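Here the numbering used here runs 196 ahead of the position in the sequence shown, where the first position is 1. C-beta: ideal position from N, C-alpha, C; glycine also. Predicted model only: the values in this text are computed from it and were never measured. Single-structure report; data block below.
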Amino acid sequence: MPNSRFVALALILSCSFRIYGLIPLPFSLETQRDKELPNFGKQTKALGYSGQETFQVTPELEKRVAFWKRIYTELTSSQALIHDSEYPELSYHVVDISPYTENTSSSYAKRMAAMNSFFTSEKQRIANQLKTLHRFSGPTDNLPVELQTLAKKFEGIKDKNKYLKAISRLRAQIGQRDPIVRGFIFGGKYFNDMMAIFEENRIPKELTRLPLVESAFNLNAKSKVGASGVWQFMRGTGNQYLRIDPNIDERNDPIAATKAAAQLLKENYEALGSWPLAVTAYNHGRRGVARAITATRSTQLHHIIRHHKAPSFGFASQNFYSEFLAILEVERDYKKHFGKMLVDSPLKYEKVKVLKTSLIHEIASRCQVSPKEIAEYNPALTDRVVSGRGQVPKGFQLKIPVGTRELCARPKPFLKSKSKSSSAQTIGFKLNSRS
197 MPNSRFVALA LILSCSFRIY GLIPLPFSLE TQRDKELPNF GKQTKALGYS
247 GQETFQVTPE LEKRVAFWKR IYTELTSSQA LIHDSEYPEL SYHVVDISPY
297 TENTSSSYAK RMAAMNSFFT SEKQRIANQL KTLHRFSGPT DNLPVELQTL
347 AKKFEGIKDK NKYLKAISRL RAQIGQRDPI VRGFIFGGKY FNDMMAIFEE
397 NRIPKELTRL PLVESAFNLN AKSKVGASGV WQFMRGTGNQ YLRIDPNIDE
447 RNDPIAATKA AAQLLKENYE ALGSWPLAVT AYNHGRRGVA RAITATRSTQ
497 LHHIIRHHKA PSFGFASQNF YSEFLAILEV ERDYKKHFGK MLVDSPLKYE
547 KVKVLKTSLI HEIASRCQVS PKEIAEYNPA LTDRVVSGRG QVPKGFQLKI
597 PVGTRELCAR PKPFLKSKSK SSSAQTIGFK LNSRS
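So this is what it looks like as structure tokens:
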């Protein structure tokens with residue numbers, strides 16, 4: 197997310213809880229097809245691209261990438277992993293959070309408060325064990341089995357106060373297997389068009405998978421800090437590239453937002469000189485990454501992660517690129533992790549141009565489709581428009597199901613009227629070919 201990391205519905209202590217775990221995905225009008233391995237191709241014209249080596253996992257990031265692969269493939273959104281925020285591979289145990297994520301008998305606020313208390317107690321229990329290990333000076337064989345197991349996790353850390361320091365780094369990460377699977381399914385509608393946009397802009401096509409990191413490709417994703425859409429654009433950044441007003445929010449249109457993301461990523465790369473830094477800047481901001489380079493006197497991301505101690509460069513920013521690399525590896529081995537997958541087929545549509553500001557139900561009636569279908573094909577339309585409180589503005593390029601363009605352009609006989617207020621006279625369309 198430009199300038200600010202995607203945060204889920206709530207930040208539970210140091211727990212990352214993503215919004216797509218609780219908000220239902222939009223319904224799908226499309227048929228499904230077998231998922232295939234992505235064909236990223238040679239991409240000889242892409243900026244900074246040298247084949248598979250471009251996004252190769254370096255030894256310094258291997259453990260972080262492995263951590264995120266576990267989160268994406270093994271743990272569901274009803275589970276959380278208690279781990280160390282500085283050494284993500286240092287994990288303690290998995291806890292069941294289904295009473296808080298699946299129980300709808302109480303309000304969301306109450307469930308989050310209860311989960312907050314649960315994580316606090318779990319962390320306190322581990323903290324007490326770490327304090328015991330810090331005070332203990334004898335052979336570890338004399339410890340209870342549970343503490344012996346815990347001590348072994350720290351064998352590679354050479355610091356006499358390692359147990360005490362680990363207390364402040366206790367963190368909970370909620371699993372994302374089910375949201376990621378849904379993201380792959382729904383992303384099938386758009387990935388082909390997104391890759392074409394990136395190819396046109398000379399951006400490596402692998403980067404079209406960043407929305408899986410940002411939002412699990414949930415069109416309804418809205419963060420606590422105001423980011424929106426699959427690319428999680430903040431309003432300030434989005435206004436530089438997209439139309440955002442009470443009736444239209446192009447952040448929520450995957451295609452419009454992909455064009456904006458391509459431009460932003462290109463600017464990041466041209467300013468910072470490498471894709472690890474450019475991708476990190478998508479989350480942390482270009483200026484933030486530039487400051488990190490200056491502070492650490494290094495352009496190597498792993499060095500920056502280890503040595504840049506600015507409060508703003510937290511867990512999310514440190515791990516954003518590793519999450520992206522993990523997604524690429526997960527997709528390459530999707531059959532191993534998820535088995536055979538059926539994903540949505542590419543979205544097919546026609547376009548008409550709205551010649552006069554109109555209510556969505558008027559347009560739906562004219563085109564003989566439902567308002568729900570209009571909203572599905574046009575996610576840039578805001579809730580205000582979909583609910584009928586706002587209107588589809590003049591000049592809007594409306595996407596409609598294939599085969600309905602002529603219906604939209606042809607007045608219905610029962611709408612013909614001498615009255616100037618009739619729908620047949622107040623709604624006009626210009627036929628467009630798909631673009």
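request  = Please check the pair Val-539 and Gln-228, which I expect to be a contact at CB under 8 angstroms, by giving their CB distance rounded to whole angstroms.
outcome  = As a first step, residue 539 must be located in the sequence shown, where it is residue number 343. As a first step, residue 228 must be located in the sequence shown, where it is residue number 32. Confirmed, Cβ separation roughly 6 angstroms.
ask   = For the 8 angstroms Cβ check, are there 3 or more pairs between the region 474-482 and the region 510-521?
value = yes
request  = Let me know if Lys-531 comes out buried or exposed under the rule of 16 or more other beta-carbons within 10 Å of its beta-carbon.
outcome  = Here residue 531 refers to the residue found at position 335 when the sequence shown is read from its first residue. Lys-531 should be labelled exposed.
task = Pick out the complete alpha helix (DSSP H) segments inside the region 448-488, 4 residues or longer, and give them in chain order.
result = 450-468 and 471-480
task = For Ala-571, count neighbouring Cβ atoms within 10 angstroms of its own Cβ and tell me buried if that reaches 16, exposed if not.
result = Walking along the sequence shown from the start, residue 571 turns up at place 375. Counting Cβ neighbours within 10 Å, Ala-571 comes out buried, since at least 16 surround it.
task = Return the CA-CA distance between Leu-551 and Gly-591, expressed in angstroms with no decimal places.
result = For the purposes of this step, residue 551 is taken as the residue at position 355 of the sequence shown. For the purposes of this step, residue 591 is taken as the residue at position 395 of the sequence shown. Straight-line Cα distance between these residues: approximately 6 angstroms.
message = Looking at Glu-402: is its Cβ nearer than 9 angstroms to the Cβ of Phe-251?
response = Position 206 of the sequence shown holds residue 402. Position 55 of the sequence shown holds residue 251. It is a contact, given that the beta carbons lie within the stated cut-off.
query = Tell me which same chain residues have a C-beta within less than 7 angstroms of the C-beta of Tyr-245, skipping the five on either side of it?
reply = One-based indexing of the sequence shown puts residue 245 at position 49. Once the five neighbours on either side are set aside, the close Cβ partners of Tyr-245 are Gln-239 and Pro-400.
key: Spatial distance of Tyr-465 from Asn-443 (CA atoms)   = Stepping through the sequence shown from its first residue, residue 465 is reached at position 269. Stepping through the sequence shown from its first residue, residue 443 is reached at position 247. Using only the alpha carbons, I get a separation of about 33 angstroms.
task = Would you mind sorting Gln-325 into buried or exposed? The rule is 16 or more other CB atoms within 10 Å of its CB.
result = For this step, residue 325 is matched to residue 129 along the sequence shown. Under this definition Gln-325 is a buried residue.
task = Using a threshold of 9 angstroms, state whether the C-beta atoms of Ala-145 and Ala-262 are closer than that.
result = The requested residue 145 does not occur in the structure, where the chain is confined to residues 197 to 631.
inquiry  = Please list the terminal residues of the continuous beta strand (DSSP E) segment that includes Ala-368.
reply    = Position 172 of the sequence shown, counted from the first residue, corresponds to residue 368. Here the beta strand (DSSP E) through Ala-368 covers 366-370.
task = Identify which residue in Ile-556, Tyr-283 and Ala-560 has its Cα closest to the Cα of Leu-257.
result = As a position in the sequence shown, residue 257 is number 61, starting the count at 1. It is Tyr-283 whose Cα lies nearest to the Cα of Leu-257.
query = Would you say Gln-372 faces chain C, with C-beta separation under 9 angstroms as the test?
reply = Among the chains in the structure shown there is no chain C, since it carries only a single protein chain.
inquiry  = I'd like the list of long-range same chain contacts for Lys-455, defined as Cβ closer than 6 angstroms, with 5 residues on each side in sequence excluded.
reply    = Within the sequence shown, residue 455 is the residue found at index 259, counting from 1. Take Lys-455, set aside five residues on each side of it, and the residues of its chain with a beta-carbon closer than 6 angstroms to its own are Ile-393, in chain order.
inquiry  = Does the structure place the region 581-590 close enough to the region 553-564 that three or more beta carbon pairs sit under 8 angstroms?
reply    = yes
message = Am I right that Ala-412 and Ile-376 are in contact with their C-beta atoms under 8 angstroms? What's the rounded C-beta distance?
response = The sequence position of residue 412 within the sequence shown is 216, counting from 1. The sequence position of residue 376 within the sequence shown is 180, counting from 1. Confirmed, about 6 angstroms.
query = Within the chosen definition, does the region 359-368 reach the region 322-342 through at least 3 CB pairs nearer than 8 angstroms?
reply = yes
key: Distance, Lys-348 Cα to Gln-372 Cα   = Here the question's residue 372 lines up with position 176 in the sequence shown. Here the question's residue 348 lines up with position 152 in the sequence shown. Taking the straight line from one Cα to the other gives about 27 angstroms.
task = Taking the CB atoms as reference points, tell me whether Asp-449 and Asn-312 lie closer together than 9 angstroms.
result = Start at 1 with the first residue of the sequence shown, and residue 449 comes out as number 253. Start at 1 with the first residue of the sequence shown, and residue 312 comes out as number 116. Asp-449 places its beta carbon 9 angstroms or farther from that of Asn-312.
message = Can you look up Ser-541 in the DSSP assignment and give me helix, strand or coil?
response = The residue given as residue 541 occupies position 345 in the sequence shown. Correct three-state label for Ser-541: coil.
task = Determine the direct distance from the alpha carbon of Gly-247 to that of Tyr-386, and round the result to whole angstroms.
result = Translated into the one-based positions of the sequence shown, residue 386 becomes position 190. Translated into the one-based positions of the sequence shown, residue 247 becomes position 51. Cα-Cα distance, rounded: 23 angstroms.
query = First and last residue of the beta strand (DSSP E) that includes Ala-276?
reply = The residue given as residue 276 occupies position 80 in the sequence shown. Note, Ala-276: beta strand (DSSP E), 275-280.
request  = Just mark Thr-433 as buried or exposed, buried being the case when its beta carbon has 16 or more other beta carbons within 10 Å.
outcome  = For this step, residue 433 is matched to residue 237 along the sequence shown. Buried, by the Cβ-count rule.
message = On the criterion of 16 or more Cβ atoms from any shown chain inside 10 Å, does Tyr-304 qualify as buried, or is it exposed?
response = Taking the first residue of the sequence shown as position 1, residue 304 is located at position 108. Answer is exposed; the Cβ neighbour count stays below 16.
task = Check whether the Cβ atoms of Lys-459 and Asn-397 lie closer than 9 angstroms to each other.
result = Taking the sequence shown and counting its residues from 1, the one referred to as residue 459 is at position 263. Taking the sequence shown and counting its residues from 1, the one referred to as residue 397 is at position 201. With the sequence shown as reference, residue 459 is identified as Gln, and Lys is not the correct amino acid for it. Yes, these two residues count as a Cβ contact at 9 angstroms.
ask   = Considering only the beta carbon of each residue, do Leu-360 and His-330 sit closer than 9 angstroms?
value = On the sequence shown, position 164 is the one that residue 360 refers to. On the sequence shown, position 134 is the one that residue 330 refers to. Contact: yes.
message = Residues in the same chain with beta-carbon distance under 7 angstroms from Leu-343, minus the five sequence neighbours each way, listed in chain order, please.
response = The residue you call residue 343 lines up with position 147 of the sequence shown. Excluding its 5 nearest sequence neighbours in each direction, Leu-343 has C-beta neighbours in its own chain below 7 angstroms: Gln-325, Thr-328 and Leu-329, listed in chain order.
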